[in-house]
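Asks:
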Amino acid sequence: MGFLVVATFLALFMLGFPVVYAILLPSIAYILIEGLPLGLLAQRITYALDSFPLVAVPLFIFVGNLMNLSGITDRIFRFAYTLVGRVPGGLAQVNVFGSLVFSGMSGAALADIGGLGRIEIDAMKKRGFDPSFAGAVTAASATLGPIFPPSIPLIVYGSVTSVSIVQLLVAGIMPAIACTILLMLTVLIVAIRHGHPRAERRPTFGEVVAALLPALPAIVAPVLMVAGMTAGAFTPTEAAAITAVYVIFISGAFYRELTLAHLWNSAVLTARSSSAILIIVASAALFGWILAVEQVPQVFAATLLDWSKDPLMLLIIANLIFFIAGMFLDSTTATLLLVPIIAPPLVLAGVDPVQLGIVTIFNLMIGLLTPPMGLSLFLVSDIAKVSIKQLLKALLPFYIPLLTTLAILTFAKDFTLWLPRMIAQ
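Residues in the sequence shown are numbered from 5 upward in steps of one, following this note's numbering.
#1: For L8, does the count of other Cβ atoms within 10 angstroms reach 16, so buried, or fall short, so exposed?
#2: Could you check how far apart the C-beta atoms of I169 and G176 are, in whole angstroms? I think they sit under 8 Å.
#3: Quick one: grab the DSSP three-state call for Q299.
#4: Hey, quick one: how far does the alpha helix (DSSP H) through I380 stretch, first residue to last?
#5: Does the separation of the CB atoms of P500 and L192 fall below 9 Å?
#6: Is M233 buried or exposed, if buried means 16 or more other CB atoms sit within 10 Å of its CB?
#7: I'd like the ranges of any alpha helix (DSSP H) spanning at least 4 consecutive residues and lying wholly in the segment 237–262.
#8: Please classify S385: is it buried, with 16 or more other beta-carbons within 10 angstroms of its beta-carbon, or exposed?
#9: Distance check for L319 and V355, CA to CA, integer angstroms please.
#10: Closest to I49 by CA distance: which of A306, A288, L189 is it?
#11: Just curious, the alpha helix (DSSP H) that D78 is in, first and last residue?
#12: For L28, which residues from the same chain have a beta carbon less than 6 Å from its beta carbon, with the 5 sequence-adjacent residues on both sides left out?
#13: Report all residues from its chain with a CB closer than 7 Å to the CB of V88; omit the five preceding and five following residues, and keep chain order.
#14: Just the Cα atoms here: how many angstroms apart are L333 and L372?
#15: Along the chain, where does the alpha helix (DSSP H) containing S168 start, and where does it finish?
#16: What does a CB cutoff of less than 7 Å around A140 pick up in its chain, not counting 5 residues either side in sequence?
#17: Since M317 is in the alpha helix (DSSP H), which residue starts that stretch and which ends it?
#18: If you draw a straight line from the C-alpha of V285 to the C-alpha of S31, how long is it?
#19: Could you give the C-beta distance for T274 and N69, rounded to a whole number, given that I count them as a contact under 8 Å?
#20: Based on Cα-Cα distance, which residue from R276, T239, V343, K130 lies nearest to A296?
#21: Counting only the same chain and skipping the five closest in sequence on each side, list residues whose C-beta sits under 7 Å from that of P270.
#22: Is I345 closer than 9 Å to A305 when the C-beta atoms are compared?
#23: Which of the three DSSP states, helix, strand or coil, is assigned to L36?
#24: So the candidates are S391, T239, G6; which of them puts its Cα closest to the Cα of A138?
#25: Only counting the same chain, and skipping five residues up and downstream in sequence, which positions put a Cβ closer than 6 Å to that of A127?
#26: Residues in the same chain with beta-carbon distance under 7 Å from V164, minus the five sequence neighbours each way, listed in chain order, please.
#27: Would the beta-carbon of N367 fall within 9 Å of that of F419?
#28: Check whether the segment 52–63 and the segment 239–253 touch, using three or more Cβ-Cβ pairs below 8 Å as the test.
#29: Determine contact between the segment 31–46 and the segment 246–266, defined as no fewer than three beta-carbon pairs at a distance below 8 Å.
#30: Nearest to L309 by CA position, among A347, V10, V227, I362, is which residue?
#31: Would you kindly work out how many angstroms separate the C-alpha atoms of V213 and A84, rounded to a whole number?
#32: Since I believe S335 is in contact with P157 (beta carbons under 8 Å), could you give me their beta-carbon distance rounded to a whole number of angstroms?
#33: Does the separation of the CB atoms of P207 and R131 fall below 9 Å?
#34: The alpha helix (DSSP H) that contains R122, what's its start and end?
#35: DSSP three-state call for P92: helix, strand or coil?
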């Protein structure tokens, strides 16, 4: 019955049903066929949402929306342009660097694209960049957000696997920085080859300071948040609440641009985004419970371990599974459906659960750039007003740094784990 439920889900999904319906319909059918009480449906869904770590999800979404509406995003962009606008590629370099800075507040790839990305694409088009290239840089750099703290996907992963969310967030710092460097090198090479525009002169020290001061309150927020979590002062969920209060404070008291309309609109956008995520969380929890009852994870684990007991080989297999899944499913759905099945045998074979978390989430973020269901592709295509085909052609060089980063995370275990280990000592 467990494998029949999975097969029904896949069939509904391939037929074009919304993912929530594709998950819920076979789950409800299972309960009815097995003669289980319908109250079980409400119990499993309620139990899934009764999670303290998941409270951080709407809070970080609220932070990202508030930053977009209250002008903080613009200040981050201006600072990034002042700092790296002279480097070959100009605004394209700003796009990558700005994404790293902004991700320290929003924690989500689509928030990065919808907020700072919209500003960056418009600015690049005005400076003479090809719209498809502007969109490609924006989509590629948006993968930084979900592995740099705060990270909504890593919070979801931690809540599913019971792995320390603090360890996961700290482990994402070095991979995000490494990916930023590789992306900026790629932009540098492409910009030199195609003669892309850049700032006419290097900024003076005074200009850098003048651009930094307005952006500084926003930039220091992730530093304070990570420091507080690693020191044990507060949990990731409490950090999300503190960050939300902090953004409200600096928007109102420091920048003096916060209005009641900003708060209301941010709350409405947050409710819409959070409900879309949390209904998938609830549905996937019911689906996962059915698979657990039918012992699907145990069968899969035994099959996987029959193929190989080498941790590295299993991690490579998991990479392939998540890469394919990312082509069709959004990161939240893929995490909730696949991680409870794939993670146990890998951890049993010796794969570190923190390393697996970073590899999984980064892999799924690459999936956002991969047809046929890449959400980043569709959002960027709409903002940049280019076709998916044009966008994919411009994206091709950027798959190299992204896949190189994924290879480093897979084969160089200590690169991911040395920072969390050092902080834990």
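No residue lacks a Cβ here, since even glycine has one placed at the ideal position from N, Cα and C. Source: prediction; values computed, not measured.
Replies: From the atom records:
#1: Per the 10 Å Cβ criterion, exposed.
#2: Taking a contact as a CB-CB distance under 8 Å, the pair I169 and G176 does not count as one, their CB atoms being some 11 Å apart.
#3: It is coil, neither helix nor strand.
#4: Checking the sequence shown, residue 380 turns out to be Ser, not Ile. It spans 379–388 - the alpha helix (DSSP H) in which S380 sits, taken as one unbroken run.
#5: The first residue shown for the chain is 5 and the last is 429, placing residue 500 beyond what the model contains.
#6: A buried status is given to M233, since no fewer than 16 other beta-carbon atoms sit within 10 Å of its beta-carbon.
#7: The segment 237–262 contains these whole alpha helix (DSSP H) runs: 240–253.
#8: Per the 10 Å Cβ criterion, buried.
#9: Cα-Cα distance, rounded: 7 Å.
#10: Out of A306, A288, L189, A288 has the C-alpha closest to the C-alpha of I49.
#11: Residues 76–88.
#12: Cβ within range, chain order: S287.
#13: Within the same chain, Cβ atoms closer than 7 Å to the Cβ of V88 are found at Q97, V98, F101, the five residues on either side in sequence being excluded.
#14: L333 and L372: Cα-Cα distance of roughly 9 Å.
#15: The continuous stretches of alpha helix (DSSP H) do not include S168, and DSSP gives it neither H nor E.
#16: So the qualifying residues of the chain are L395, A398, L399, F402.
#17: Its alpha helix (DSSP H) spans residues 315–330.
#18: Whole-angstrom Cα-Cα distance: 14 Å.
#19: Contact holds; Cβ gap of about 6 Å.
#20: Per the Cα distances, V343.
#21: With the sequence shown as reference, residue 270 is identified as Ser, and Pro is not the correct amino acid for it. The answer, listed in chain order, is F66, N69, L70, L73.
#22: I345 is positioned such that its CB atom lies closer than 9 Å to that of A305.
#23: In the three-state reduction of the DSSP assignment, L36 falls in the helix class, which pools H, G and I.
#24: Residue nearest to A138 within the set S391, T239, G6 is S391 (criterion: CA-CA distance).
#25: Excluding positions up to five away in sequence, the list reads L95.
#26: Around V164: T339, L340, V343, P344.
#27: Against a cut-off of 9 Å, the Cβ pair of F419 and N367 comes out as no contact.
#28: Yes, since at least three Cβ pairs between the segment 52–63 and the segment 239–253 fall closer than 8 Å, the two stretches touch.
#29: Not touching, per the Cβ criterion.
#30: It is A347.
#31: So the alpha carbons of these two residues sit roughly 12 Å apart.
#32: At roughly 5 Å, the Cβ-Cβ gap stays under 8 Å, so P157 and S335 are in contact.
#33: Contact: no.
#34: Residues 122–130.
#35: When secondary structure is reduced to three states using DSSP, P92 falls in the coil class, being assigned neither helix nor strand.
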